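Engineer:
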Amino acid sequence: MEIELKYLIGEKTEIDRIFNDDFIQSIRDDKDEEMIRMHAVYYDTEDDALAEHCIALRIRRENDYYVGTLKWDGTSENGMHRRQEVNIPLNEEDVPAVPKADIFQPCGEIYDEICRILKGRKLVPRVEMSFVRRQIRLDTGKSICVLSADQGTIRGGSREIPVRELEIELLTGSEKEIMAIGDRLSAEYDLEPEDKSKLEKGFRLIR
5 MEIELKYLIG EKTEIDRIFN DDFIQSIRDD KDEEMIRMHA VYYDTEDDAL AEHCIALRIR
65 RENDYYVGTL KWDGTSENGM HRRQEVNIPL NEEDVPAVPK ADIFQPCGEI YDEICRILKG
125 RKLVPRVEMS FVRRQIRLDT GKSICVLSAD QGTIRGGSRE IPVRELEIEL LTGSEKEIMA
185 IGDRLSAEYD LEPEDKSKLE KGFRLIR
């Protein structure tokens, strides 16, 4: 289960101010801040059969690593996103120009569901996004989470839009902890709760 708070960052808000906030600095762990260049492609059938069943299939490059991801059964309210998720590390040679669903065979029931939906149809790229993620880990003493800021673009067909988002992803502990962090940051900075995923925004470009 993936649980995260998502916010839109206002154009005038300096991300440095959020990451250097006194409260954030007081609960960040000792690990170094990370900058991760991400390039993600979401695949589906030409008629978006997976999306019709609320399933997302993604291949993403994260700096020098590749990860295959499935997401399903998602909900969102007031910026709080909850969904089932599985991730599979991939080698570069395992990532063809157009992947097959077979790479997710180790994922069990959700792989079987995808096969039932696809019925042998090919996957095609539908939405693409490139962004830089800046992230740190936070430890409140009761929960551990990741604070990240994404800046880049989402592309669908011949159209593209900018993305500038802040996320607080819960790793261990209580949802109340990340809600408290989110409430504190949104009150101090120009942050707007965001219920739409990046993929939803991408699909709007091609529909």
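When the count follows our numbering, it moves up by one through the sequence shown with no breaks and lands on 211 for the last residue. Backbone N, C-alpha and C fix where the C-beta goes; we use that ideal spot for every residue, glycine too. Nothing here was measured: the structure is a model prediction, and the numbers come from that model.
1. Taking its Cβ as the centre, do 16 or more other Cβ atoms sit within 10 Å of Y47, making it buried, or is it exposed?
2. State the Cα-Cα distance for the pair R138 and T176, rounded to the nearest angstrom.
3. Pull up the distance between the alpha-carbon of D141 and that of L122, whole angstroms please.
4. Could you name the residues of the same chain whose beta carbon sits closer than 7 Å to that of A55, not counting the 5 residues immediately before and after it, in chain order?
5. Pick helix, strand or coil for D143, following the three-state DSSP scheme.
6. Among I28, E204, E198, K205, which residue has its Cα nearest to the Cα of L9?
7. Quick test of your reading: Y193 and I22, contact by CB under 8 Å. State the CB separation rounded to the nearest angstrom.
8. Give a yes or no on whether the C-beta atoms belonging to G156 and V136 are separated by under 8 Å.
9. Just grab the DSSP bridge partners of R168 for me.
10. Straight-line CA distance for D68 to L203?
Structural biologist: Walking through what the data contain:
1. Your numbering for residue 47 matches position 43 in the sequence shown. Flag for Y47 reads buried.
2. Here residue 138 refers to the residue found at position 134 when the sequence shown is read from its first residue. Here residue 176 refers to the residue found at position 172 when the sequence shown is read from its first residue. R138 and T176 have their alpha carbons spaced roughly 20 Å apart.
3. The residue you call residue 141 lines up with position 137 of the sequence shown. The residue you call residue 122 lines up with position 118 of the sequence shown. The amino acid at residue 141 is misidentified as Asp; the sequence shows Arg. Each residue's alpha carbon lies about 38 Å from the other.
4. Taking the first residue of the sequence shown as position 1, residue 55 is located at position 51. Excluding positions up to five away in sequence, the list reads D48, F207.
5. Here residue 143 is taken as the residue at index 139 of the sequence shown, counted from 1. In this structure, D143 counts as strand in the three-state DSSP scheme.
6. In the sequence shown, residue 9 corresponds to position 5, counting from 1. The shortest Cα separation from L9 among I28, E204, E198, K205 belongs to E198.
7. Translated into positions along the sequence shown, residue 193 becomes position 189. Translated into positions along the sequence shown, residue 22 becomes position 18. Indeed they touch by this definition, with Cβ atoms about 6 Å apart.
8. Indexing the sequence shown from 1 puts residue 156 at position 152. Indexing the sequence shown from 1 puts residue 136 at position 132. In this structure, G156 sits near V136, with a CB-CB distance shorter than 8 Å.
9. Here the question's residue 168 lines up with position 164 in the sequence shown. Beta-bridge pairing links R168 to Q155.
10. To locate residue 68, count along the sequence shown from 1; it is residue 64. To locate residue 203, count along the sequence shown from 1; it is residue 199. Cα-Cα distance, rounded: 23 Å.
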